[in-house]
Every structure is written in structure tokens, then in C-alpha cells.
Amino acid sequence: MADKSVQVSVELLGKTQQFTCESGQEHILLEAVSLLNTRVCEMRQRATVRNDHNALLLAALHLCHEYNALQKEQKNTSHTLQMLCEKLSQAK
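Everything in the sequence shown is counted per my numbering, starting at 7 for the first residue and increasing by one.
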């Protein structure tokens, strides 16, 4: 049985927006919106950011940078664990 989609109203950049997500996943969407709103507010506090569009773009770039760094860290950790497992297997 396919999951149902639900409409969720959120406030982003001071405006109400409607998004669709899977039923039961609303809290994940709300957390993402909250994080994005927080980051946009942080970007607005910078003297070089003059409008919502630039604040949103800068926040998105920062989040993408953090995501990429976490992916690389996870890949390195996975590789390290794989090497340790191989060493353990050889030690038997």
C-alpha cells in the first residue's frame, strides 16, 4: 500500500508556503524548515547580505557545504571501519 501524501503549511522567509510530504513525515519537514529559517536569520545578520534572496542562497550554500563535509567524513569512517574489519579477519 502506498503512503499517503499530506499538505503541510510552513512559514519560510516570513511567508506561508504549502509543501507535500509523506504522511507521518511532517515533523522532518518542519525540522528542515526550522533549520533553514535559522540559517537565513544568521545570514541576514551579516552586513554583506542585503535581501532575503541572497540570505536564502547563502544559507543553502552553507548547508550544502556542511552536508558535503559530513558525507566525506562518513566515507572516511566507513573506509576505516572496513580496514579494521579486514585486519580483524586476518588476525583469526
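Glycine included, every Cβ here is placed at the ideal spot set by N, Cα and C.
Can you give the beta carbon distance from residue i to residue j, rounded, assuming they're within the 8 angstroms contact cut?
i: S11; j: T26; result: 5 angstroms
i: L18; j: L41; result: That pair is no contact at about 11 angstroms.
i: Q24; j: Q13; result: 6 angstroms
i: E28; j: D58; result: Incorrect: roughly 29 angstroms between the Cβ atoms, too far for contact.
Can you list, in chain order, the stretches of the beta strand (DSSP E) that have 3 or more residues and sit fully within the region 13 to 86? 21 to 28
With a cut-off of 8 angstroms, do at least 3 Cβ pairs link the region 31 to 47 to the region 55 to 67? yes
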